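Residue 396 in my numbering sits at position 35 of the sequence shown, with consecutive numbering throughout.
I have placed the structure first, in the form of structure tokens, so that the comments after it can refer back to it.
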Amino acid sequence: AVAVMQRAAIYHPNDREVLAAYGKALAANGQLALALDVVRRAQTPDKPDWKLLSTEAALRDQLGDHATARSLYQQALAIQPNDAGVLSNLGMSYLLTGELKDAEATLRRAEALPGADDRVRQNLALAVGLQGRFNEAQKIASADLPPDQAAANIAYLKSMLAQQDNWQKLKAADSSSKMAANIPEGGV
Numbered sequence: 362a363v364a365v366m367q368r369a370a371i372y373h374p375n376d377r378e379v380l381a382a383y384g385k386a387l388a389a390n391g392q393l394a395l396a397l398d399v400v401r402r403a404q405t406p407d408k409p410d411w412k413l414l415s416t417e418a419a420l421r422d423q424l425g426d427h428a429t430a431r432s433l434y435q436q437a438l439a440i441q442p443n444d445a446g447v448l449s450n451l452g453m454s455y456l457l458t459g460e461l462k463d464a465e466a467t468l469r470r471a472e473a474l475p476g477a478d479d480r481v482r483q484n485l486a487l488a489v490g491l492q493g494r495f496n497e498a499q500k501i502a503s504a505d506l507p508p509d510q511a512a513a514n515i516a517y518l519k520s521m522l523a524q525q526d527n528w529q530k531l532k533a534a535d536s537s538s539k540m541a542a543n544i545p546e547g548g549v
């Protein structure tokens, strides 16, 4: 798929849709930095495409640049308010940095929207489960999965959190992020 899209991008270097598809193919192939470059070339500053902003944000999250990713998600939401997919990705960005309460709040907002799909709900179940609210997480997961699969997913999450006391580390990271968020501008 990458080779086909690369050829299309060579023949159509100014076609946003071709470049976006090529960037997504590169990302799926693990070539994140190149994908980011291609997606950025597809974007036009005078008329930004919210889907490209969201794609760039997701790539930046995968590359560990969460602050830029969140800014891009906000730009996408300014163009396409209340998009469940963009909000879900923003929620996952918070999850990646251990900001579990922000992740949950953002994912709940996404879940309440008409365009919310099973991925949004499964992301919400993960955010809730990472906070140790396993029964609630299983109930959320069961909306889209058979009960035995939802239970298996939550059991797996519990086992992952039990390893090396990861749950306590996540709770500590969430507390640290709350403390950092409460520091007034201008320092202490």
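We treat Cβ as the ideally placed atom computed from N, Cα and C, and that holds for glycine.
All figures in this text were calculated on a predicted structure; none of them were measured in a lab.
- Contact between asparagine 484 and leucine 474 is ruled out by a C-beta separation of about 13 Å, above the 8 Å threshold.
- Between alanine 381 and threonine 429, the C-beta gap is not smaller than 8 Å, which leaves the two residues out of contact.
- Looking at the backbone, the Cα of asparagine 496 and that of alanine 419 are separated by about 29 Å.
- Assigned with DSSP and collapsed to three states, glutamine 441 falls in coil, not helix or strand.
- The count of Cβ pairs closer than 8 Å, one atom from the region 427-446 and one from the region 386-401, stays below three, leaving the stretches out of contact.
- For glutamate 465, the enclosing alpha helix (DSSP H) starts and ends at 461-472.
- Excluding its 5 nearest sequence neighbours in each direction, alanine 512 has C-beta neighbours in its own chain below 7 Å: Gln499, listed in chain order.
- Going by DSSP, alanine 394 is part of the alpha helix (DSSP H) stretching over 393-403.
- Counted as a single uninterrupted DSSP element, the alpha helix (DSSP H) harbouring serine 520 occupies residues 508-523.
- Within the same chain, and ignoring the five residues on either side of aspartate 422 in sequence, the residues whose Cβ sits closer than 8 Å to its Cβ are Ala430, Asn450, Met453, Ser454 and Leu457.
- The C-beta distance from arginine 482 to aspartate 505 rounds to 6 Å, short enough to fall under 8 Å.
- At the C-beta level, alanine 439 and alanine 471 stay beyond 8 Å of one another.
- For the pair glutamate 465 and valine 489, the CB atoms are nearer than the 8 Å cut-off.
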